[in-house]
Amino acid sequence: MGSDEILMDAEERMEKAINKLKSDLTGIRTGRANPGLVDSLRVEAYGSQTPIKQIASVSAPEPQQLVIRPFDPSIIKDIERGIINSDLGLAPNSDGKVIRLNIPPLSGDVRKKMVARTKELSEEAKIAIRNVRRDGNKHADTAESDGELSEDDCKGLKDEIQELTKKYENAANDLAKAKETEVSAG
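Structure (structure tokens):
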């Protein structure tokens, strides 16, 4: 593996860690209705665990309410069950055609838990980024010992990998801070 491939691989993998963090953070309640809140929800429908966005449309017609409109009304009970069994802590109201989820304002305790969860997710992303750095450095060492890179090139590559690591760790921190502010403001 040449230095360009090692660097590109590291950057792609760090970018994936940030994208996963973004996705995970959309599932954290802020006290306002946000269709992303149920994006990660999987529902037992048609004999398998199906992401809710594949079987229903989700909208936020009001700041405190989500409306879930199944494409097939026959699975409305399955969706309700999935919501009840999830860790969202929301009670679905159904009229047989649509499910309404009223999003209650967050209490102080719940806000603290959501902020803590945000920090946890951010830390997981940073650990993944550091693991990518470790792998990149290992590949650089291997390329140096195989004679593909000089000692100076290897050091330069490791420095570039470290710069990427800083960049993506800062991105993870920024995403977490923004979400914490959103949760705290409610």
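Mapping of the sequence shown onto the UniProt record's numbering: residues 1 to 186, in sequence order. No residue lacks a Cβ here, since even glycine has one placed at the ideal position from N, Cα and C. The structure presented is a predicted model; accordingly, all values stated were derived computationally and were not measured.
Cβ pair residue i, residue j closer than 8 Å
| i | j | result |
| --- | --- | --- |
| Val43 | Asp72 | no |
| Ile52 | Ile75 | no |
| Leu121 | Met114 | no |
| Glu3 | Leu164 | Contrary to the premise, residue 3 reads as Ser rather than Glu in this sequence. Going by C-beta atoms, Ser3 is not nearer than 8 Å to Leu164. |
| Lys126 | Glu169 | yes |
| Thr26 | Asp39 | yes |
| Ala60 | Pro35 | yes |
| Arg133 | Gln162 | yes |
Enclosing beta strand (DSSP E) for residue i [first to last residue]
| i | result |
| --- | --- |
| Ser59 | Ala56 to Glu62 |
| Asn34 | Taken as a continuous stretch (DSSP letters only), Asn34 belongs to no beta strand (DSSP E), as it is neither H nor E. |
| Leu7 | Leu7 -> not in any beta strand (DSSP E); alpha helix (DSSP H) instead, spanning Ser3 to Thr26. |
Identity of the residue in the options nearest residue i by Cα
| i | options | result |
| --- | --- | --- |
| Asp159 | Asn137, Glu148 and Tyr168 | Asn137 |
| Met14 | Arg130, Lys97, Cys154 and Ala176 | Arg130 |
| Met1 | Asn34, Asp146 and Leu25 | Asp146 |
| Ser184 | Arg32, Glu12 and Leu21 | Arg32 |
| Ala171 | Pro70, Leu7 and Lys20 | Lys20 |
| Ser94 | Ala45, Ile68, Asn173 and Lys112 | Ile68 |
Residues bridged to residue i (per DSSP)
| i | result |
| --- | --- |
| Ala91 | DSSP, once it has assigned bridges, lists no residue as partnering Ala91. |
| Gln162 | Paired residues: none, contrary to the question. |
| Glu44 | Gln49 |
| Arg134 | Looking at the DSSP assignment, Arg134 forms no beta bridge with any residue, so it has no partner. |
Segment limits, alpha helix (DSSP H) that includes residue i
| i | result |
| --- | --- |
| Ile84 | Ile76 to Asn85 |
ask   = Taking three-plus beta-carbon pairs below 8 Å as touching, is the region 100-112 in contact with the region 54-65?
value = yes
request  = Decide yes or no for the touch test of the region 151-171 against the region 91-100: beta carbon pairs closer than 8 Å, at least 3 of them.
outcome  = no
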